[in-house]
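These notes are about the structure you will find just below.
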Amino acid sequence: MSKDSVLRPVVWMGDSKKQLKKMPEDVQKQMGGELYLAQRGEDPPHSKMLTGLGSGVFEIRDDFDSNTYRLVYAVQIGKRLYVLHAFQKKSKKGIATPPRDVELITRRYKEAVVMEKEWQS
52 MSKDSVLRPV VWMGDSKKQL KKMPEDVQKQ MGGELYLAQR GEDPPHSKML
102 TGLGSGVFEI RDDFDSNTYR LVYAVQIGKR LYVLHAFQKK SKKGIATPPR
152 DVELITRRYK EAVVMEKEWQ S
C-alpha cells in the first residue's frame, strides 16, 4: 500500500473501542500505533490479513503478560477504516479465532458495508 496524504477516518463498530480501552495500556499503545499506520495506508508490521471474513480484513495481535490480544479492522470499505472487534483471546487451544468472535466480526463487517453505502448515497 502507498501512503495516503490524508488519514482515513476510523469508525468503531459496536463496543470495539470500549473493549480496546479495557486492555493493558501497553497493548493499547501498540495497537493504536498499528492503526495509525493503517490510517496512513501503510502495512502495520504486526498486522496480518484474515481470510474468509470479508475483503481487506486484517488482524493486529499483541502478546502481553502471557495473554493474547487482538484487534480486527477492515480497510477496503470505502475511504474509512472500520474497527470491527477488539478482544482478548481466552482459549489456549490453537491460534484460530474463536467461532463466536468470527461470527461477531462477520456481522459487523456486513453492518460496515451497509453504513458505507448509506454514507455514499
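In the working numbering, the protein residues as written are 52 to 172.
Every residue gets a Cβ at the ideal spot worked out from N, C-alpha and C, and that includes glycine.
{"query": "Just the Cα atoms here: how many angstroms apart are M52 and I111?", "result": "Confidence in M52 is poor, its pLDDT being 46 and thus under 50, which makes the residue's placement unreliable; the coordinate value appears in the next sentence. Their Cα atoms are separated by approximately 17 Å."}
{"query": "Is DSSP giving K69 helix, strand or coil here?", "result": "helix"}
{"query": "Could you pull the DSSP bridge partners for W63 from this structure?", "result": "V134"}
{"query": "Among all the DSSP beta bridges, which residues are the ones paired with K99?", "result": "E110"}
{"query": "Quick one: using the 10 Å Cβ neighbour count with 16 as the cut-off for buried, is G84 buried or exposed?", "result": "exposed"}
{"query": "According to DSSP, which residues form a beta bridge with R121?", "result": "R112, F138"}
{"query": "Leaving out the 5 sequence neighbours to the left and right, which residues in its chain are closer than 6 Å to Y120 when beta-carbon positions are compared?", "result": "M74, V78, D113, Q139"}
{"query": "For V108, count neighbouring Cβ atoms within 10 angstroms of its own Cβ and tell me buried if that reaches 16, exposed if not.", "result": "buried"}
{"query": "Name the two residues that bound the continuous alpha helix (DSSP H) containing V164.", "result": "150 to 171"}
{"query": "Please state whether DSSP places V126 in a helix, a strand or coil.", "result": "strand"}
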